[in-house]
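In my numbering, the protein residues as written are 5 to 84.
Think of the CB as a built atom: it goes at the ideal place given N, C-alpha and C, for glycine as much as any other residue.
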Amino acid sequence: MSYFRITLMRSGIGMPQKTQGVLHALGLRKRMTTVYHPVSQSVAGQIMRIKELVDVKEVARPMTKEQMRNARRPDPGYYV
């Protein structure tokens, strides 16, 4: 089963209420937050409503918060 990885890149401030409602329905509250949703027609329709505000990728499985944190962490440059 594949998932949509949705990251909110631009804020919803100043957007119409319907657009802000879609953001909240998807679980996107703050900029640079990432959520995972299973691929479905309803989620794809919601993404199309906010396509200018988000970055979407299709992934095989969702990552946990700990995995996302480790993926963002830079290489230390040395090993002890």
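Beta-carbon proximity check, residue i vs residue j, cutoff 8 Å
i	j	result
L85	G16	As displayed, the chain neither begins before 5 nor continues past 84, which places residue 85 out of reach and without an answer.
R9	K69	no
Y40	P66	yes
Inter-residue Cα distance where the pair is residue i and residue j
i	j	result
R73	P20	32 Å
S6	I51	16 Å
A64	G18	34 Å
A48	T11	14 Å
V135	D79	Residue 135 cannot be examined here, being either before or after the span of the chain that is shown, 5 to 84.
M13	Q45	22 Å
A75	K55	25 Å
From the options, residue whose alpha carbon lies closest to that of residue i
i	options	result
T37	I54, V43 and D59	D59
G25	V84, R53, Y83 and M67	R53
L57	P80, R35 and M5	R35
heavy atom of the ligand PLP below 7 Å from residue i C-beta
i	result
K55	This structure lacks the ligand PLP, and indeed carries no ligand of any kind.
### Message
Just to confirm the assignment: which complete beta strand (DSSP E) runs, minimum length 3, are found wholly within the region 6–50?
### Response
Taking only runs of at least 3 residues, the beta strand (DSSP E) segments lying wholly in the region 6–50 are 7–12 and 38–42.
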